[in-house]
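Counted the way my numbering counts, the sequence shown spans residues 10 to 371. Backbone N, C-alpha and C define an ideal beta-carbon position, used for all residues, glycine too. Here the structure is a predicted model, which is why all the values come from computation and not from measurement. Worksheet: one structure, shown below.
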Amino acid sequence: MATAKYEQHIDREKVRKTVEQVFGYLGGAAVSAMIYLGDRLGLYKALDGAGPVTSAELARKTGLHERWVREWLYGQAAARLVDYIGDGRFVLSPEAALVLANEASPAFAAGGFCALPQQMAVLERLPESFKTGLGLPYDAFGPEGARGVERMAAPWTRAHLVPRVLPQLEGVVAKLEAGAKVADVGCGSGAALIEVAKAYPRSVCHGYDISQYALARAEQNKAVAGVHNVTFHDARTESLPADGSFDLIMTFDCLHDMAHPKTTIEAIRRALKPDGTWLIADINCAPTFEENLATNPFTHMWYGFSVLCCMSSALSEPGGAGLGTLGFTEPVARQMAADAGFTRFRRLEVNNPVNAYYEVRP
Ligand SMILES: C[S@@+](CC[C@H](N)C(=O)[O-])C[C@H]1O[C@@H](n2cnc3c(N)ncnc32)[C@H](O)[C@@H]1O
């Protein structure tokens, strides 16, 4: 009886649209898996600059089985990532190549997909987190997790941090040129810090992170870059010195992931010189859920990654703040900075698709 009554209020069109939506999201998951394979198997790189190719030609070039490559190409064309020009031929446009094939392009986005299997594998553990409240740290994703974070963020950072972001900070470039003391807290695999170390060889750079996999990658990246003015520290055992000695401290995309961001911000305040600078990059989002719903087309994706990763990390220790991906908004950042004793806060003009940048000073 109750069901029949409920049935009368069912909007059939809305049911149809919801089914369409749900399968759209499943489609996104399936296409994401295919982007992972395209990146891992070198298919995008093989397509880049190759002109129109058949599945047989692409299979020959990559040493893969034609039937599998053909199915992948059909899916890529249907997803509008690769262009189908007829006659069994497929082309990766130069624009798509910048996003999917060319790792040196600041728009490169396929790299982060390398950690997709590990990011999805935590689904087996998250039901427990919903019950206990305790999340998982970044190391739950294994070494690939650290590689995925690096490959997602580093292309933009390598292209823009030194030439476009640092010059916006008051007086910082002159200090870096002369020889400054720099820290990157939550440095991940060190891509940003190594760029600073390379650009300013007179400066001394310190990276801090709690992820053993990120720190191991950071050491490898340091060796490849051949820089000697960078030291990486395990923040679980070695914290920022509270000695007012740093000219510049950077936190990129990590405060919303931290279990105790207040403690870290207070430590940054104590570690900075009186005329030092704290540079923050964090997710560019609106102050409220309602505004994000209305204005940000990626809100659903951010909340998904928050549960899978960011909020989970921020709740991975007892009493964790649990800010989550969209939790370190500009008003939150301003308030937390002021609470820790910072007096100046300025949003920078940086055209980054994901992050907002702030200059914060004592
Ligand atoms: C999304 S990653 C960003 C890494 C890097 N800054 C970047 O932009 O590529 C967040 C990082 O914060 C680190 N993290 C989380 N809590 C931390 C803490 N309390 N102290 C230092 N690092 C922390 C994680 O291990 C992870 O490497």
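Under 8 Å between C-beta atoms of residue i and residue j
i       : j       : result
Ile-289 : Tyr-366 : yes
Ala-295 : Ala-251 : no
Pro-115 : Ala-168 : yes
Arg-134 : Leu-145 : yes
Phe-354 : Pro-371 : no
Ala-110 : Tyr-53  : yes
Leu-125 : Ser-41  : yes
Asp-256 : Val-191 : yes
Leu-249 : Ala-276 : yes
Tyr-45  : Phe-122 : yes
Val-174 : Leu-50  : no
Asp-57  : Ala-119 : no
Leu-178 : Glu-368 : yes
Ile-378 : Ala-346 : The question about residue 378 has no answer here: the residues shown for the chain are numbered 10 through 371.
Test: residue i CB closer than 8 Å to a CB of chain D
i       : result
Ser-321 : Going by chain labels, chain D is absent from the structure shown, which holds only one protein chain.
Alpha carbon of residue i to alpha carbon of residue j, nearest angstrom
i       : j       : result
Ala-189 : His-237 : 15 Å
Leu-185 : Val-91  : 43 Å
Val-31  : Glu-22  : 14 Å
Trp-165 : Asp-20  : 45 Å
Met-10  : His-18  : In this prediction, Met-10 scores a pLDDT of 47, lower than 50, which makes its location untrustworthy; the coordinate-derived value is nonetheless stated afterwards. For Met-10 and His-18, the distance between alpha carbons rounds to 13 Å.
Ala-88  : Gly-37  : 9 Å
His-215 : Ala-206 : 10 Å
Tyr-226 : Asn-305 : Residue identity differs from the one stated: residue 226 is Arg in this sequence, not Tyr. For Arg-226 and Asn-305, the distance between alpha carbons rounds to 33 Å.
Ser-102 : Ala-187 : 44 Å
Phe-241 : Ala-39  : 38 Å
Lys-130 : Gly-328 : Note that residue 130 is Ala in the sequence shown, not Lys. Roughly 25 Å between the two C-alpha positions.
Cys-196 : Pro-61  : 41 Å
Asp-193 : Gly-142 : 29 Å
Val-341 : Thr-297 : 11 Å
Cys-263 : Gly-97  : 45 Å
Glu-326 : Ser-138 : 12 Å
Gly-154 : Arg-25  : 37 Å
Phe-307 : Phe-337 : 16 Å
Tyr-93  : Val-181 : 49 Å
Arg-156 : Met-43  : 19 Å
Glu-228 : Thr-27  : 48 Å
Ala-162 : Val-239 : 20 Å
Gly-285 : Gln-85  : 49 Å
Val-213 : Gln-128 : 34 Å
Tyr-34  : Glu-104 : 24 Å
Leu-73  : Gly-95  : 22 Å
Glu-66  : Met-310 : 36 Å
Sequence-distant residues of its chain with Cβ nearer than 6 Å to residue i (five each side left out)
i       : result
Cys-319 : His-265, Asp-266, Gly-333, Thr-334
Leu-82  : Ser-64, Phe-99
Ala-68  : Glu-75, Val-78
Phe-7   : There is no way to answer for residue 7, as the model of the chain reaches only from 10 to 371.
Leu-324 : Gly-144, Gly-331
Arg-211 : Gly-188
Arg-278 : Ala-349, Gly-350
Val-158 : Gly-197
Asn-246 : Reading off the sequence shown, one finds Thr at residue 246, where the question assumed Asn. Same-chain partners within the cutoff: there are none.
Trp-287 : Ile-258, Ile-277, Val-369
Pro-176 : Val-182
Residues of its chain near residue i, where Cβ-Cβ distance is below 7 Å and the 5 sequence neighbours each way are ignored
i       : result
Ala-244 : Tyr-217, Asp-218, Ile-219
Gln-221 : Asp-148
Lys-282 : Gly-253, Ser-254, Phe-255, Asp-256
Glu-204 : Thr-166, Arg-167, Leu-170, Val-171
Own chain partners of residue i with C-beta closer than 8 Å, once the 5 adjacent residues on each side are dropped
i       : result
Gln-344 : none
Ser-322 : Gly-144, Leu-145, Pro-146, Tyr-147, Asp-266, Met-267, Ala-268
Leu-302 : Thr-308
Asn-361 : Trp-165, His-169, Ala-290, Asn-293
Lys-70  : Ala-55, Ala-59, Val-62
Glu-299 : none
Asp-48  : Leu-109, Ala-119, Gly-120, Phe-122, Cys-123
Checklist entry - Which whole runs of the beta strand (DSSP E) in the stretch 106-194 are 3 residues long or more, in chain order? => result 190-194
Checklist entry - Could you give the uninterrupted runs of the alpha helix (DSSP H) lying entirely in the stretch 314-360, keeping only those of 4 residues or more? => result 320-323, 339-348
Item to check | Contact between the stretch 141-150 and the stretch 230-244 (3+ Cβ pairs under 8 Å) | outcome: no
Next on the checklist: Pairs of beta-carbons, one from the stretch 267-279 and one from the stretch 303-320, closer than 8 Å: are there three or more?
Outcome noted: no
Item to check | Residue ranges of each beta strand (DSSP E) within the stretch 240-319, 3 or longer | outcome: 255-261, 281-292
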